[in-house]
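**Student:** Residue numbers (the UniProt record's numbering): 1 to 309.
Note that beta-carbon positions come from the ideal geometry of N, C-alpha and C, so glycine has one too.
Since this is a predicted model, take the numbers as computed values, not measurements.
Sharing a structure, written as structure tokens. Questions coming.
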Amino acid sequence: MWKPRFAMDDIAAAVAEGHRPLADWRPLTEGENSQVFAAEDGDLPVVVRACKRRDGFDVEARAAALLAGSADRAPEVLATGPVGDSWWCVTTRLPGVRLCDLPPDRIAAAAEAVAETMRRIHTADVSASTGFGGLDPATGNGRQSAWHDPVPGPDAWHKLSIEDRKLVDALTDLYAADAAALPERRALLHGDFSADNLIVDGDAVGVIDFECARYGDPLWDLAYQLFWAGPWPVMAPQARAAAAGLDDSADTRARVRLHMTAAGLNGAAFYAHDDRVPELQLMLRRLAPLLADPPSLADLDGYWIHPGR
Numbered sequence: 001m002w003k004p005r006f007a008m009d010d011i012a013a014a015v016a017e018g019h020r021p022l023a024d025w026r027p028l029t030e031g032e033n034s035q036v037f038a039a040e041d042g043d044l045p046v047v048v049r050a051c052k053r054r055d056g057f058d059v060e061a062r063a064a065a066l067l068a069g070s071a072d073r074a075p076e077v078l079a080t081g082p083v084g085d086s087w088w089c090v091t092t093r094l095p096g097v098r099l100c101d102l103p104p105d106r107i108a109a110a111a112e113a114v115a116e117t118m119r120r121i122h123t124a125d126v127s128a129s130t131g132f133g134g135l136d137p138a139t140g141n142g143r144q145s146a147w148h149d150p151v152p153g154p155d156a157w158h159k160l161s162i163e164d165r166k167l168v169d170a171l172t173d174l175y176a177a178d179a180a181a182l183p184e185r186r187a188l189l190h191g192d193f194s195a196d197n198l199i200v201d202g203d204a205v206g207v208i209d210f211e212c213a214r215y216g217d218p219l220w221d222l223a224y225q226l227f228w229a230g231p232w233p234v235m236a237p238q239a240r241a242a243a244a245g246l247d248d249s250a251d252t253r254a255r256v257r258l259h260m261t262a263a264g265l266n267g268a269a270f271y272a273h274d275d276r277v278p279e280l281q282l283m284l285r286r287l288a289p290l291l292a293d294p295p296s297l298a299d300l301d302g303y304w305i306h307p308g309r
């Protein structure tokens, strides 16, 4: 099981013991891997999450420190502690509504502010750290030496049909060739810059859930948006705004395809491991167009934002 299943009272008791008692508890929309609650810490609105692993909470604290003093609105990690075989984390609660919960006209209206928020994250000062990939919470450095992501190996695909295996093998080979040919880039990335991790409050945009924060190519966050914009259209306006004005060069297109391929292969491996067949097939349909040479970014439909349905 990826997500803990505690009663709210059990988490409240653990937080009271390890931090202090909180009031006015209520459930919030849960994440893929966590239970989520709103509460009040005195006069301070907070969010409490429970997750099987502590690492993500510690990474979030590291990322918040990198963004401290910037114009970006991100939650502050207040406390972390154990509950049963899992961990809880208390953070400040940003005012506003999740982007994915807004009506379509407001999602579109917020797109440029969302894109600007992403660009600001990518300009955070990371000079005191080294490495690439996910942040090591103990050191603040990246966990890997290469600027591009590792992608799943052959063992991830043993349940696939012969035709599906041919697709992932071809994409893996293409990924390796692109990664070897492209120059490295290094910036702070959110890692999961999706519509459910963005909080809109009037004209202001806040960003939550930095547990996937990483160092790498700033085009990774855009590529992630593009990959998911097909199956989840609520992400399309923010992806279009982020892509507008990019240098539409062969280098840029290759970098975006590289990161979209990694996002899709890792997503497919996750669903394959969990025997979630419909989601796995969606990932494979979304990945298939990426075998073709990338066209211009000026027209994002089709190849770049393919529905994958």
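1. Pick out the complete alpha helix (DSSP H) segments inside the segment 71-99, 4 residues or longer, and give them in chain order.
2. Which one or two residues does DSSP pair with valine 168 in a beta bridge?
3. Quick one, which of Trp232, Phe270, Glu112 and Ser194 has its alpha-carbon nearest glycine 245's?
4. Find out if the Cβ-Cβ distance for the pair leucine 282, glycine 308 is shorter than 7 Å.
5. Would you give the residue range spanned by the alpha helix (DSSP H) that alanine 254 belongs to?
6. Please list the terminal residues of the continuous beta strand (DSSP E) segment that includes tyrosine 215.
7. Using alpha carbons as the reference points, say which of Ala61, Trp2 and Leu67 lies closest to alanine 50.
8. Between the beta-carbon of proline 237 and the beta-carbon of isoleucine 121, is there less than 7 Å?
9. For glycine 42, collect the residues of the same chain with a Cβ closer than 7 Å to its Cβ; drop the 5 residues on either side in sequence, then sort them by chain order.
10. Looking only at its own chain, which residues have a Cβ that is under 8 Å from the Cβ of alanine 241, when we skip the five neighbours before and after it?
11. Measuring straight from C-alpha to C-alpha, what distance separates alanine 16 and leucine 22?
12. Compute the beta-carbon to beta-carbon distance between aspartate 196 and arginine 98, rounded to the nearest angstrom, for a pair I have assumed lies under 8 Å.
13. Under a Cβ-count criterion, where at least 16 other Cβ atoms within 10 Å of its own Cβ denotes burial, should arginine 53 be classed as buried or exposed?
14. For leucine 188 versus leucine 66, is the C-beta spacing smaller than 7 Å?
15. So, for valine 168: in the same chain, excluding its five sequence neighbours on each side, which residues have a beta-carbon less than 6 Å away from its beta-carbon?
16. Got a sec? Which residues, its chain only, sit under 6 Å from tyrosine 175 by beta carbon, not counting five neighbours each side?
17. With three or more beta-carbon pairs closer than 8 Å as the criterion, would you say the segment 55-69 touches the segment 128-144?
18. Check for me: the beta strand (DSSP E) holding phenylalanine 132 runs from which residue to which?
19. Is the Cβ-Cβ distance between alanine 239 and alanine 223 less than 7 Å?
20. Would you mind working out which of Leu171, Leu160, Val90 and His148 sits nearest tyrosine 271, comparing C-alpha positions?
21. Count the other CB atoms, across all protein chains shown, that sit within 10 Å of the CB of glutamate 32; report buried if there are 16 or more and exposed otherwise.
22. Taking the C-alpha atoms as reference points, what is the distance between histidine 181 and cysteine 100?
23. Do the CB positions of alanine 263 and valine 59 come within less than 7 Å of each other?
24. From the DSSP output, which residues share a beta bridge with leucine 66?
25. So valine 90 packs on valine 48, CB below 8 Å; how close in whole Å?
26. What number of angstroms, rounded off, separates the C-alpha of alanine 7 from the C-alpha of asparagine 266?
27. Would you say tryptophan 88 and isoleucine 208 are within 7 Å of each other, going by their C-beta atoms?
**Tutor:** In this structure, then:
1. You should have found no qualifying run.
2. Residue pairing by DSSP places valine 168 in no beta bridge whatsoever.
3. A check of alpha carbon separations from glycine 245 across Trp232, Phe270, Glu112 and Ser194 identifies Glu112 as the nearest.
4. Against a cut-off of 7 Å, the Cβ pair of glycine 308 and leucine 282 comes out as a contact.
5. Counting along the chain, the alpha helix (DSSP H) containing alanine 254 begins and ends at 250-273.
6. Tyrosine 215: member of the beta strand (DSSP E) spanning 214-216, first to last residue.
7. That would be Trp2, whose Cα lies nearest to the Cα of alanine 50.
8. No, these two residues do not count as a Cβ contact at 7 Å.
9. The answer is none, since no qualifying residue turns up.
10. Once the five neighbours on either side are set aside, the close Cβ partners of alanine 241 are Ala111, Glu112, Val114 and Ala115.
11. Roughly 7 Å between the two C-alpha positions.
12. That belief holds up - the Cβ atoms of aspartate 196 and arginine 98 are roughly 6 Å apart, short of 8 Å.
13. That one is exposed.
14. Contact: yes.
15. The residues are Trp157.
16. Sequence-distant partners of tyrosine 175 (beyond 5 residues in either direction) whose C-beta falls short of 6 Å from its own C-beta, in its chain, are Val151 and Thr261.
17. Enough Cβ pairs lie closer than 8 Å, so yes.
18. DSSP places phenylalanine 132 inside the beta strand (DSSP E), whose first and last residues are 132-135.
19. Not closer than 7 Å, so no.
20. Proximity to tyrosine 271 across Leu171, Leu160, Val90 and His148 peaks at Leu160, based on C-alpha coordinates.
21. Exposed is the call here.
22. Here the sequence assigns alanine to residue 181, which means histidine is not the residue at that position. Their backbone Cα atoms lie some 36 Å apart in a straight line.
23. Not a contact, by the Cβ cut-off of 7 Å.
24. Note: leucine 66 sits in no beta bridge, so no partner.
25. Valine 90 to valine 48, Cβ: 5 Å. Contact.
26. Distance between the alpha carbons of alanine 7 and asparagine 266 is about 31 Å.
27. No, the Cβ-Cβ distance between tryptophan 88 and isoleucine 208 is not below 7 Å.
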